[in-house]
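Written out below as structure tokens is the structure these notes cover.
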Amino acid sequence: MAPHGEGSEEALVVQDENRKPISSILIIIAMQTEAIPIVNKFQLKEDLDSTFPKGVPWVRYHGSYKDLRINLVWPGKDSTLGVDSVGTISASLVTYAAIQALQPDLIINAGTAGSFKVKGASISDVFLASDVAFHDRRIPIPVFDLYGVGLRQSFSTPNLLKELNLKVGKLSTGDSLDMSPQEEASIVANDASVKDMEGAAVAYVADLFKVPAIFIKAVTDIVDGEKPTSEEFLQNLAEVTAALDHAVTQVVDFINGKCLSEL
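Structure below.
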């Protein structure tokens with residue numbers, strides 16, 4: 001998109017939007033285990049007359065909390081295998097459909113993630129991502145290489161950071177739970193503190209529609225630690241979802257009554 005001056009019509013519209021109190025937030029989350037504590041905390045109700053196309057497994061919960069309308073969407077279970085539909089494809093599709101149907105003022109992509117002891121991370125730490133990028137879209141052709149990485153900044157929230165005790169770091173996204181040597185090199189190049197399987201996909205779609213997005217990730221496993229990632233992830237999932245729930249609640253409470261420019 002071509003740059004616009006501060007006095008342009010589009011810039012003025014953006015400024016007006018940034019000054020209006022946030023009224024609608026969309027929480028995008030990958031797994032049912034991660035979603036249910038947040039659904040319960042905000043007393044959200046499942047949408048039984050689905051907003052989404054017939055046949056898709058995507059699930060929407062909705063309700064009001066203080067001055068906010070909250071929609072929480074997760075991609076549901078795979079119709080063949082019955083497991084959570086994790087990964088970038090499901091995240092992209094459900095983000096696209098939810099933005100179209102629900103027109104949120106702000107997106108919160110919340111979930112669990114791996115992190116690194118070299119970055120000083122511990123289990124249950126919660127990160128607010130400053131930037132997001134992919135680590136498994138390797139296209140070694142000039143300019144296409146940058147497209148593959150897909151680096152995007154998350155929406156800036158300096159006041160939220162001052163208020164809440166969250167760590168800050170870069171988020172790197174890929175479609176595998178484990179980490180190949182090539183992916184490790186890409187994660188290092190991304191200077192990532194956390195890795196997940198959805199964030200950069202959500203960021204890509206949010207950017208298409210110019211919807212501000214923030215990313216809250218709670219650490220289930222230390223990728224460069226002693227335990228296998230899959231074992232540590234399953235061992236810590238329940239405990240870490242409680243930390244995630246607490247952080248999301250703090251963020252939503254902070255957002256309530258504020259406009260985007262006050263975050």
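Quick note on UniProt numbering: the sequence shown kicks off at 1 and runs consecutively.
Just so it is clear, CB atoms sit at the ideal spot from N, CA and C, and this is done for glycine as well.
By the 16-neighbour rule on beta-carbons within 10 angstroms, T80 is exposed. Of the candidates A121, A203 and I123, A203 places its Cα closest to the Cα of V149. Around the beta carbon of Y147, fewer than 16 other beta carbons lie within 10 angstroms, which makes this residue exposed. It is roughly 19 Å from the alpha-carbon of I222 to the alpha-carbon of G87. As DSSP reads the structure, Y65 sits in a beta bridge with L68. Sequence-distant Cβ neighbours of L234 in its own chain, meaning closer than 6 Å and more than five residues away, do not exist here. Residue burial is scored here from C-beta neighbours: D84 has at least 16 other C-beta atoms within 10 angstroms and is therefore classed as buried. For V143, no beta strand (DSSP E) segment is defined, and its DSSP state is neither H nor E. In summary, E226 is exposed, with fewer than 16 beta-carbon neighbours lying within 10 Å of its beta-carbon over all protein chains present. Fewer than three pairs of CB atoms, one per stretch, sit closer than 8 Å, so the stretch 102-120 makes no contact with the stretch 135-147.
If only uninterrupted beta strand (DSSP E) runs of at least 3 residues are considered, those enclosed by the stretch 81-125 are 106-115.
Nearest Cα to H135 within the set P21, Y65 and E198: E198. DSSP lists F134 and D196 as the bridge partner or partners of T173.
Ranked by how close their Cα comes to the Cα of P53, the residues A121, R152, M31 and L93 have L93 in first place.
With a beta-carbon spacing of about 28 Å, S115 and V59 fall beyond the 8 Å limit used to define contacts. The criterion of a C-beta distance shorter than 8 Å is satisfied by A243 and A218. The beta carbon of A133 sits closer than 8 Å to those of V149, G150, L151, R152, K170, L171, S172, T173, N190, A192 and A200, all from its chain and outside the five residues before and after it, given in chain order. Under DSSP, I255 takes part in no beta bridge, so it has no partner.
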